[in-house]
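Next comes the structure, spelled out in structure tokens:
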């Protein structure tokens, strides 16, 4: 191509010379001079030469050449794109990353420390025993061994290896810190076992003669001293038989409110004597006692009492027990049946023989040496001696001066008394005793654990209290969440706070459970405080703060100063000695406090006999009025009520009564058998033979219902 032709096509000759120059310096100089002569062409700052030095490569020169060959429109578009930063991305070479599964050598892999869950496991119970290893405990709790080792360090114990044995007390401390319940397993390996007396629990329905039967066996009279003639405590005592053998008896209440006491009696016993009245037969608490005995896997001996009565029918009792699944000896089973009479002292020797035979078949033996294992059947608070616990020793020997942990309480045994109140130095297996020296009042049903030192007793007690508090807060939180979820569906309700004071711990639990059973959708029974002992000023202050009722069961009357303070604060104190009267009184108070539910009821009914029509004076001002002439066939009609019009059993209209007259006189009420005329608002479709009902709103209160078995409930 000739230079002239190139110039005609718009290509600068100096720029071509620069491109074909052989040296870099000449290329830069020629290009710079040529670009200055090109109109409307700007060179970017990156390609301009400066006094400090000029960098230019063949790549930049080629790019300039491409820009030079472009049209002015394309150059303007490129300048606009560069101004807004819209440059095409540079293509880079794709580098395939290595798939590394192993950590780098410079940073060695460190496994993360397992995080311990802070959520408590209240439903999980593990079994622990003396000498178990940390590894075995970790498997049962589901926690890592390192976590358990940290807990051991916190409690002041040191274990070199996970296979070293730990004591049963330390295992319980670790398990409580993890958040699980424990059940202690005691082994009798290597210990000398000796025969022990049987522990017999007398159970049955209320007023079937359980206490009277025990009175006849031990020649005393306890039933005469009981309030209302019914047992409301769990008593333990030893009865010496004429044959020389001794039997430990537990007398349980028969009322429906004392179900927990019967369950505790069945849990600690060897044999259950099921007392059934021959004139009454099998009752609800009789069936409940059978269920408790079967749940505890305890043999049953049936004593059919009151056989000397004229209307006694022992055969009917046998048939009823057999129909409930109890296999009696008369029917080919293994359950012994004895006919007795507590009042006439008939058949007591046969009952003794049956009990001793059953105990001999069971071959009851227990360990005598070593620390004791005992069970609390009752607890009470004495003014002079402090907290007292009635317990039955299951194995070992309980001695004065030992440090014990009873439930969440601890103490050092100061004195041991037998059932007659005499001091004893120690107590052996199957012996009911009363111990004093505890720092707090335990719960009925707690186990007594003997520990080696006061420090260990304090630590176990603190761990158990911490676990109980966690479970209590968790339960409150769950109830709150459940209440929030169902709050939209729950009708209007009020709260009835109650403070319960009783003579012994077991009675406190029974009364509390019985009062909670009176909960209804309208009234919520809230037990704000329970305690053992008489009503004090602190109870009155607490009741005044929360507006609670004070219930005292089997406690002496409060001092005059306490009564005066309660009257001044307008507080009600209910004192009772019989569970029937207590539940009836509280039930009536709940009925009075309940807001009730509004219901519509038919107050009266009338039949339309004739229809009267009154024409308006002016069509523009007044409308025609239709009056239904009726006769009241049932109930009564009131002017302020709502009327319902029915035809052939179907509701046609409901509206307010505008006018009610009898013999041309305005009246408020019309009784049954009278005739009247009435006008219903916006209703004029009357026919002869229609039925009109008078509707009234009624506030329906709940009812307190008490059954023959002693159970009570609130029906809304």
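Numbering (the working numbering), first residue to last: 55 to 770.
C-beta atoms are modelled at their ideal positions from N, C-alpha and C, and glycine is treated no differently.
Just to confirm, are residue i and residue j a CB contact at a threshold of 7 Å?
{"i": "residue 459", "j": "residue 505", "result": "yes"}
{"i": "residue 254", "j": "residue 291", "result": "no"}
{"i": "residue 41", "j": "residue 508", "result": "With the chain covering 55 to 770 only, the question about residue 41 has no answer from this structure."}
{"i": "residue 594", "j": "residue 556", "result": "no"}
{"i": "residue 371", "j": "residue 495", "result": "no"}
{"i": "residue 358", "j": "residue 406", "result": "no"}
{"i": "residue 767", "j": "residue 651", "result": "no"}
{"i": "residue 733", "j": "residue 713", "result": "yes"}
{"i": "residue 470", "j": "residue 484", "result": "no"}
{"i": "residue 654", "j": "residue 751", "result": "yes"}
{"i": "residue 680", "j": "residue 738", "result": "yes"}
{"i": "residue 432", "j": "residue 605", "result": "no"}
{"i": "residue 686", "j": "residue 642", "result": "no"}
{"i": "residue 356", "j": "residue 328", "result": "yes"}
{"i": "residue 396", "j": "residue 263", "result": "yes"}
{"i": "residue 591", "j": "residue 565", "result": "no"}
{"i": "residue 343", "j": "residue 360", "result": "no"}
Express the C-alpha separation of residue j and residue i in angstroms, rounding to a whole number.
{"i": "residue 385", "j": "residue 612", "result": "56 Å"}
{"i": "residue 512", "j": "residue 464", "result": "7 Å"}
{"i": "residue 400", "j": "residue 388", "result": "23 Å"}
{"i": "residue 246", "j": "residue 427", "result": "16 Å"}
{"i": "residue 525", "j": "residue 305", "result": "32 Å"}
{"i": "residue 362", "j": "residue 326", "result": "23 Å"}
{"i": "residue 627", "j": "residue 334", "result": "37 Å"}
{"i": "residue 270", "j": "residue 260", "result": "18 Å"}
{"i": "residue 756", "j": "residue 730", "result": "36 Å"}
{"i": "residue 194", "j": "residue 180", "result": "6 Å"}
{"i": "residue 222", "j": "residue 528", "result": "27 Å"}
{"i": "residue 631", "j": "residue 532", "result": "35 Å"}
{"i": "residue 199", "j": "residue 232", "result": "12 Å"}
{"i": "residue 189", "j": "residue 239", "result": "18 Å"}
{"i": "residue 710", "j": "residue 696", "result": "5 Å"}
{"i": "residue 678", "j": "residue 726", "result": "29 Å"}
{"i": "residue 694", "j": "residue 704", "result": "23 Å"}
{"i": "residue 350", "j": "residue 323", "result": "9 Å"}
{"i": "residue 501", "j": "residue 367", "result": "42 Å"}
{"i": "residue 203", "j": "residue 212", "result": "8 Å"}
{"i": "residue 534", "j": "residue 561", "result": "28 Å"}
Could you round the C-beta distance between residue i and residue j to whole angstroms and report it? I think they count as a contact, below 8 Å.
{"i": "residue 771", "j": "residue 186", "result": "With the chain represented from 55 up to 770, any question about residue 771 goes unanswered, as that position is not in the structure."}
{"i": "residue 449", "j": "residue 489", "result": "Not quite, the Cβ-Cβ distance comes to about 16 Å (not below 8 Å), so this is no contact."}
{"i": "residue 336", "j": "residue 378", "result": "7 Å"}
{"i": "residue 412", "j": "residue 498", "result": "In fact, because the Cβ distance is near 26 Å, the residues do not count as touching under 8 Å."}
{"i": "residue 690", "j": "residue 656", "result": "About 11 Å separates the two Cβ atoms, so there is no contact after all."}
{"i": "residue 250", "j": "residue 418", "result": "5 Å"}
{"i": "residue 637", "j": "residue 568", "result": "6 Å"}
{"i": "residue 783", "j": "residue 688", "result": "The requested residue 783 is not part of the displayed model; the chain covers only 55 to 770."}
{"i": "residue 602", "j": "residue 553", "result": "5 Å"}
Spatial neighbours of residue i within its chain, please: CB distance less than 8 Å, with the 5 preceding and 5 following residues excluded, ordered by chain position.
{"i": "residue 700", "result": "706, 744, 745, 746 and 747"}
{"i": "residue 518", "result": "230, 459, 461 and 462"}
{"i": "residue 623", "result": "594, 597 and 598"}
For residue i, which residues does DSSP report across the bridge?
{"i": "residue 488", "result": "444 and 471"}
{"i": "residue 747", "result": "659 and 698"}
{"i": "residue 754", "result": "651"}
{"i": "residue 664", "result": "683"}
{"i": "residue 722", "result": "None; residue 722 has no bridge partner."}
{"i": "residue 466", "result": "457"}
{"i": "residue 359", "result": "331"}
{"i": "residue 435", "result": "441"}
{"i": "residue 593", "result": "None, per the DSSP bridge assignment."}
{"i": "residue 603", "result": "552"}
{"i": "residue 6", "result": "No information on residue 6 is available, as it lies outside the stretch 55 to 770 that the chain covers here."}
{"i": "residue 504", "result": "458"}
{"i": "residue 731", "result": "683 and 715"}
{"i": "residue 580", "result": "551"}
Leaving out five residues on either side along the sequence, give the residues of the same chain with a beta carbon under 7 Å from the beta carbon of residue i.
{"i": "residue 599", "result": "none"}
{"i": "residue 171", "result": "Confidence at residue 171 is low in this model, with a pLDDT of 49, below 50, so the placement of that residue is unreliable and no value is reported for it."}
{"i": "residue 740", "result": "662, 665, 680 and 682"}
{"i": "residue 227", "result": "209, 513, 514 and 517"}
Apart from the five residues on each side of it in sequence, which residues of its chain come closer than 6 Å, Cβ to Cβ, to residue i?
{"i": "residue 178", "result": "234"}
{"i": "residue 580", "result": "549 and 551"}
{"i": "residue 300", "result": "251, 292 and 294"}
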